[in-house]
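Note sheet for the following structure.
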Amino acid sequence: YRTGGAFGGLTVTGASSFTTVSTSLIQVGNTGVACTSGISGSIRYSSVSSTLEYCNSTAWVSVGPSGTLPISFRVDKNGTNQTVTTYTYTNLTWSREVFDTNNNFASNRFTATVPGIYLFTLSAYCEASTNGCQTQIKKNGLGVATDATVGGPNGQTSQVTTLIELAIGDYVEASAANM
């Protein structure tokens, strides 16, 4: 802690805490302090989202996604079939992760580490169902977008696309049902 003076061109007044990394860098702390109006405008590094966050008087808010790539992922079944229950949504499992730029996809679900509005698309091919096939995108276990496709003897594809607002810790899963 410093109570005054100059540091690398930065004049410090009052009590401040920082770690010197080099003569021209300051490491921003990773702290569990609650965001309140008394520390509004403060910044910290979040090891959860791997981003800088600022206090807006009520909550810590990320200043952007980590890294330079946008958050994105793609998973597929890699040619393997999955049996789904008739008239009941079954969570889909994914055998191959094609890419995951921010390491948000694990255990067959996407978990947000940065708040924002995300675009999700789910496409499933249903073999020769008699009445149809439904796909569903779920947020925190609850369906938020569904597509129903009429059945036929040669199978069909059901696809659903939606925008979902996610907070840190919210998760998205995919399910399907044979009708």
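Residues in the sequence shown are numbered consecutively from -8, following this note's numbering. For each residue, glycine too, the CB sits at the ideal point set by N, CA and C.
Check: Any idea what DSSP makes of V151, helix, strand or coil?; Outcome: strand
Check: Please confirm if the stretch 41 to 51 is in contact with the stretch 62 to 80, defined as three or more CB-CB distances below 8 Å between the two stretches.; Outcome: no
Check: For T4, count neighbouring Cβ atoms within 10 angstroms of its own Cβ and tell me buried if that reaches 16, exposed if not.; Outcome: The pLDDT assigned to T4 is 48, lower than 50, so where the model puts this residue is not dependable; a value taken from the coordinates is nonetheless given after this. With fewer than 16 other Cβ atoms within 10 Å, it is exposed.
Check: Report the three-state DSSP secondary structure of I62 (helix, strand or coil).; Outcome: coil
Check: Would you kindly work out how many angstroms separate the C-alpha atoms of T11 and E44, rounded to a whole number?; Outcome: Because T11 carries a pLDDT of 49, less than 50, the predicted location of this residue cannot be relied on, and the following value inherits that uncertainty. Approximately 20 Å, taken between the alpha carbons.
Check: Would I159 and V105 be called neighbours here (beta carbons separated by less than 8 Å)?; Outcome: yes
Check: Applying the 10 Å Cβ sphere with the 16-neighbour rule, what's the burial state of Y78?; Outcome: exposed
Check: Give the DSSP bridge partners of Y36, in chain order.; Outcome: L43
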